[in-house]
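The opening residue of the sequence shown carries number 1314 in my numbering; numbering runs sequentially from there. Note that CB positions come from ideal geometry on N, CA and C, so glycine has one too. Encoded as C-alpha cells, the structure appears first; notes follow it.
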Amino acid sequence: MIFNEFFYDFYENQFFPYVKSHPEITDFLHLGDCLDRRKYINYKIAKDFRERFIKGLDELNIPCHFIVGNHDIYYKNTLEVNCYNELTLPERSGVYDEPTIISIDGYDVAIIPWLTTDNEDQVYGLTHEPGVQVAFGHLEISGFEMHSGIMSQTGISKSIFHKFDMVMSGHFHKRSTDGHIHYLGCPYEMTWADCNDP
C-alpha cells in the first residue's frame, strides 16, 4: 500500500461515511496542517488531495472551515501564502488566516490560526473579546503533551485563554486535555512518534 492510501482510507472509509450518516453534523472544522510540507506539494499529491479529500468534503454539502496551521504556510512569519488559498476548496468554504469570530450553529466562536509576528496582536486582542465562550485554533501552548511522554516547553501560556469556557486545538499529534484546553490529536499515525497512540 502506498503510504498516502493510509490517509485516504481513513477519510473514504471512516470519516466521510460517518459524517454522511449523522445529519446533525452541520459544519466541518479543520484545525490546521491539512498538508505536511510547508514549501511544496507535488502534482500527484495535489491531484489526490483535490479528487479524494476536497471532492469528499464537497459532497457532504456542509460549510467547511479551514484554520491555517504551521504546515500550511510557506513563510514562518506570515500566513499570507498558504495551501488553502492556493488549492481549490469546496464551494462553501472559509479559510481563516487571520484571527476572527464566526458563527457556527448560532454560536459565536473564536477562530485562531497559527501565531506569527504578523498576527500576534490580533490573537491577543481576540482572547479578550466579550461574549465568545469557545475558541478553535492551531496553537502551540506550553505544558501540553506533543507526543507520548514529550511535553511542550515552548509556546504561549495557557493563561491567555482563561476567558474561554473551552479551547480546542490542532498542532500537537497527541490527544490531551487539562479540562479546559483540548488538543484533539490526529485521527491516525503520521510519524513514528505517533505509533500506538490512541
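In the structure shown, S1472 adopts helical secondary structure according to DSSP, grouped into three states.
Per DSSP, the unbroken alpha helix (DSSP H) holding D1434 starts and ends at E1433 to L1439. Annotation: L1428 to H1451 spans about 8 angstroms, alpha carbon to alpha carbon. By the Cβ rule, the region 1455–1466 does not count as touching the region 1407–1425, because fewer than three pairs are nearer than 8 angstroms. Contact between the region 1441–1455 and the region 1392–1408 is absent, with fewer than three C-beta pairs closer than 8 angstroms. In the three-state reduction of the DSSP assignment, E1364 falls in the helix class, which pools H, G and I.
Residue I1414 holds the alpha-carbon nearest to the alpha-carbon of Q1435 among I1367, C1347, E1399 and I1414. The alpha carbon of L1342 has as its nearest neighbour, out of M1481, N1432, K1487 and G1438, the alpha carbon of M1481. Three or more beta-carbon pairs separated by less than 8 angstroms are not found between the region 1351–1371 and the region 1469–1487, which leaves the two stretches without contact.
Residues of the same chain with a CB within less than 7 angstroms of the CB of H1384, apart from the 5 flanking positions on each side, are D1346, L1348, D1349 and R1351 in chain order. Measuring C-alpha to C-alpha distances from Y1420 to each of Q1446, F1328 and G1492 identifies Q1446 as the nearest.
Per the DSSP secondary-structure output, I1414 pairs in a beta bridge with A1423.
For V1408, the enclosing beta strand (DSSP E) covers residues S1406 to Y1409.
For the pair K1333 and L1373, the Cα-to-Cα distance works out to about 7 angstroms.
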